[in-house]
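2 protein chains.
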Amino acid sequence: MSDELGALRAKLATEIPVTLHLGLEVIGHDAGGLTLAAPLSKNVNHQGTAFAGSVNAVATLAGWGWVWLTLRRSGLEGQVVLQDSTIQYLRPIETDFTATCLPAEDAEVERLLAGMTRRRRGRVTLRVEIRSRATLVATFRGRYVALVAASAD
Amino acid sequence: MSDELGALRAKLATEIPVTLHLGLEVIGHDAGGLTLAAPLSKNVNHQGTAFAGSVNAVATLAGWGWVWLTLRRSGLEGQVVLQDSTIQYLRPIETDFTATCLPAEDAEVERLLAGMTRRRRGRVTLRVEIRSRATLVATFRGRYVALVAASAD
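Chains A and B are the protein sequences, given in the same order. For the first sequence, counting from 1, position 47 maps to 46 in numbering that gives the first Met the number 0; every step adds exactly one. For the second sequence, counting from 1, position 105 maps to 104 in numbering that gives the first Met the number 0; every step adds exactly one.
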């Protein structure tokens, strides 16, 4: 577990440099999902609350990381891209915040992996919950596409 | 025109610091809408294309800036917040990119301003087009809420 989270941390830090400016942290990955966190200080807006664009970015990465880890656990390697997403900002975020990508249901994971192995392309829709302390402050839904890489990556 | 774009530039740079890391630029504001731009180099992802979270952030700010300028032109001052948004990523973005917030229709602008003056709160739904050179590469729709500030800001 620690190894795979370390690999995700390294992947994000080296391959999506803007994540360093978000202060992004990988917190944990368990049956409850993959949780990332970001500090308010680096993502603050004109009102002293979290900038919507930063909240969306952290949610986008939680979903992306969840797919990446799911492929990795299955010995698959591929490119993961976001096809579309929707986000609701429920209330101002006045603290550091987390984004937890909830696990897809088993049948959806099977469909994703089967797509990757049979058609070199799989899809999955994921829900991400953004919290400020215990309070749900935003919800995100993203459709991700995973593609078998043309060459080893 | 130049004065108001300068004011928007200053507002974004000083009050949403993460925009500096996006390399955000305010390009122009005319009958075609408000256009922001960002370089690929600062927003690159693991595939050498633009990170979805950065694209969403620039689109979010194009809509935000359009509302801010519209209020300012009407002598109104307020807080502008994004309530919800949806984005479709149509194709990989392999160059610097722009986000143009299309102007709302006159009736919608009137409703926004009337809400601000009568109920201290107005709403508007905006469409933002993201382009890589001339090609439409993503579309964004956001619902913004403008609130009369409790005190001068």
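Cβ atoms here follow ideal geometry from the backbone N, Cα and C, with glycine treated the same way. Predicted model only: the values in this text are computed from it and were never measured.
Query                                                                                                                                                                             : Result
Compare the beta carbon distance of Val147(A) and Gly77(A) with 7 Å and say whether it is the shorter of the two.                                                                 : yes
Which same chain residues, not among the five before or five after Leu68(B), have their C-beta less than 7 Å away from its C-beta?                                                : Glu3, Leu7, His28, Leu33
From the beta carbon of Val17(B), is the nearest beta carbon of chain A less than 7 Å away?                                                                                       : yes
Leu81(B) lies in the beta strand (DSSP E); which residues open and close that run?                                                                                                : 77 to 88
Please return the same chain residues whose Cβ sits closer than 6 Å to the Cβ of Ile92(A), not counting the five positions on each side in sequence.                              : Thr48, Ala49, Ser131, Val136
Excluding the 5 residues flanking Leu75(B) on each side, which residues of the same chain have their C-beta closer than 6 Å to its C-beta?                                        : Met115
Near His20(A), what residues of its chain come up, given a Cβ to Cβ distance below 8 Å and the 5 sequence neighbours on each side ignored?                                        : Lys41
Closer than 8 Å, Cβ to any Cβ of chain B: which residues of the segment 84 to 102 of chain A, in chain order?                                                                     : Ser84, Thr85, Ile86, Gln87, Tyr88, Pro91
Helix, strand or coil for Ala151(B) per DSSP?                                                                                                                                     : Low per-residue confidence applies at Ala151(B): pLDDT is 44, beneath 50, and the placement is therefore not dependable, though the value from the model is reported in the following sentence. Residue state, collapsed to three classes: coil.
Measure the beta-carbon distance from Glu128(A) to Thr85(A) and round it to whole angstroms, keeping in mind my assumption that it falls under 8 Å.                               : About 14 Å; that fails the 8 Å criterion.
Please compile the residues from chain A whose C-beta is within a distance smaller than 8 Å of the C-beta of Leu125(B).                                                           : Correct list: empty, because the minimum Cβ distance to chain A is about 13 Å.
Determine, using beta carbons only, whether Phe139(A) and Ala58(A) come nearer to each other than 7 Å.                                                                            : yes
Which whole-angstrom value describes the C-beta separation of Leu101(A) and Arg126(A), a residue pair presumed to lie in contact below a C-beta threshold of 8 Å?                 : 5 Å
Which residue wins for smallest C-alpha separation from Ala103(B), given the options Gly52(B), Leu111(B), Leu11(B)?                                                               : Leu111(B)
Secondary structure at Ser73(B), three-state DSSP: helix, strand or coil?                                                                                                         : coil
What are the residues that DSSP puts in a beta bridge with Gly121(A)?                                                                                                             : Ala145(A)
Under 9 Å Cβ-Cβ, which residues of chain A neighbour Val43(B)?                                                                                                                    : Glu14, Ile15, Pro16, Val17
For Ser53(B), count neighbouring Cβ atoms within 10 angstroms of its own Cβ and tell me buried if that reaches 16, exposed if not.                                                : buried
For chain A, find out if any of its Cβ atoms is closer than 7 Å to the Cβ of Gly52(B); answer yes or no.                                                                          : yes
On the DSSP letters alone, give me the boundaries of the alpha helix (DSSP H) that His20(A) sits inside.                                                                          : 17 to 21
Looking at the secondary structure, which residues open and close the beta strand (DSSP E) in which Leu33(A) lies?                                                                : 32 to 37
Report yes if the C-beta distance between Arg122(B) and Val108(B) is below 7 Å; otherwise report no.                                                                              : no
If you follow the beta strand (DSSP E) that Thr99(B) is in, where does it begin and where does it stop?                                                                           : 96 to 100
If you drop the 5 nearest sequence neighbours on each side, which residues of the same chain put their C-beta closer than 7 Å to that of Thr18(A)?                                : Leu11, Ala12, Leu60
What does a CB cutoff of less than 6 Å around Ala106(B) pick up in its chain, not counting 5 residues either side in sequence?                                                    : none
Rounded to whole angstroms, what is the Cα-Cα separation between Gly64(A) and Ser73(B)?                                                                                           : 44 Å
Leaving aside the five residues before and after Arg142(A) along the sequence, list all residues of the same chain whose C-beta is less than 6 Å from its C-beta, in chain order. : Gln82, Asp83, Thr124
What residue does the beta strand (DSSP E) around Val43(A) start on, and which one ends it?                                                                                       : No beta strand (DSSP E) contains Val43(A), which DSSP labels as neither H nor E.
From what residue to what residue does the beta strand (DSSP E) around Glu93(A) run?                                                                                              : Careful: Glu93(A) lies outside any beta strand (DSSP E) and carries neither H nor E.
Counting only Cβ pairs nearer than 9 Å, list the residues of chain B close to Thr59(A).                                                                                           : Phe50, Ala51, Gly52, Asn55
Thinking C-beta only, is Val66(A) closer than 7 Å to Val79(A)?                                                                                                                    : yes
For Ala51(B), which of Pro16(A), Arg120(A), Gly5(A), Ala113(A) has the nearest alpha-carbon?                                                                                      : Pro16(A)
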